[in-house]
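Novice:
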Amino acid sequence: MIYKHKVQYYETDKMQVVHHSNYIRWMEEARVEFLEKIGASFVSLEDMGIISPVTEVNCRYENMMRFGDTAEIDACLEEFGGVKMLVSYTMRNAETGEVCCEAQSRHCFIENGRIINMKKKHPEIYAKFLPHIGEHGEMKL
């Protein structure tokens, strides 16, 4: 799924480049958008008592972004087995096509304080993820 984010002035540091912590925020923005598009929004999951915390994040910064640039983020559900998921992100400068950051985030699903298997506990939600495993670029909905 492609998500776009226009770099804001407050996201830059004294060196006039995007502060590294903002790429993690953009990952979350893209992930939230992805979940909304497949019909499993954070709001609907939380209404059911399900949360999906980040358990691991990895980022490799390759090129800088600056105020006024637009980040184009390709968020891809790389792995999903119902208990855990792995999302990869390729962040490019939309104007130049340059890759600025390659990243991954791992997540689990928790209900009532316990890790759950979505396939067993919520098969209707589990099924919403399956068509999108490995899907890069624009989503096929």
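Numbering (numbering that gives the first Met the number 0), first residue to last: 0 to 140.
Glycine is no exception: its CB is placed at the ideal position from the N, C-alpha and C atoms.
When you compare the CB positions of His4 and Ala70, do they come within less than 7 angstroms of one another, or not?
Specialist: yes
Novice: Quick one: what's got a C-beta closer than 6 angstroms to Ala39's C-beta in the same chain, skipping five residues either side?
Specialist: Ile124 and Lys127.
Novice: Please go through the same chain and pick out, in chain order, the residues whose beta-carbon is closer than 6 angstroms to the beta-carbon of Lys68, but skip the five residues on each side of it.
Specialist: Position check: residue 68 holds Asp in this sequence, whereas Lys was assumed. Around Asp68: Val6 and Asn92.
Novice: Below 7 angstroms CB to CB, which residues in the same chain sit around Lys118 once its five sequence neighbours on both sides are set aside?
Specialist: Gly81 and Tyr125
Novice: Between the stretch 46 to 65 and the stretch 99 to 110, do three or more beta carbon pairs fall short of 8 angstroms?
Specialist: yes
Novice: Sort Val42, Gly48, Ile109 and Ile72 by Cα distance to Met84 and report the nearest one.
Specialist: For the residues Val42, Gly48, Ile109 and Ile72, the minimum Cα distance to Met84 belongs to Ile109.
Novice: Let me know the secondary structure DSSP gives Val82 once reduced to three states.
Specialist: coil
Novice: Grouping DSSP H, G and I as helix and E and B as strand, with all else coil, what is Asn21?
Specialist: Per DSSP, reduced to three states, the secondary structure at Asn21 is helical.
Novice: Let's test the definition: count the other Cβ atoms within 10 Å of the Cβ of His121 and tell me whether it reaches 16, buried, or not, exposed.
Specialist: Residue burial annotation: His121 is buried, with at least 16 other C-beta atoms found within 10 angstroms of its C-beta.
Novice: In the DSSP output, which residue or residues are listed as bridge partners for Gln103?
Specialist: DSSP, once it has assigned bridges, lists Asn57 and Ser87 as partnering Gln103.
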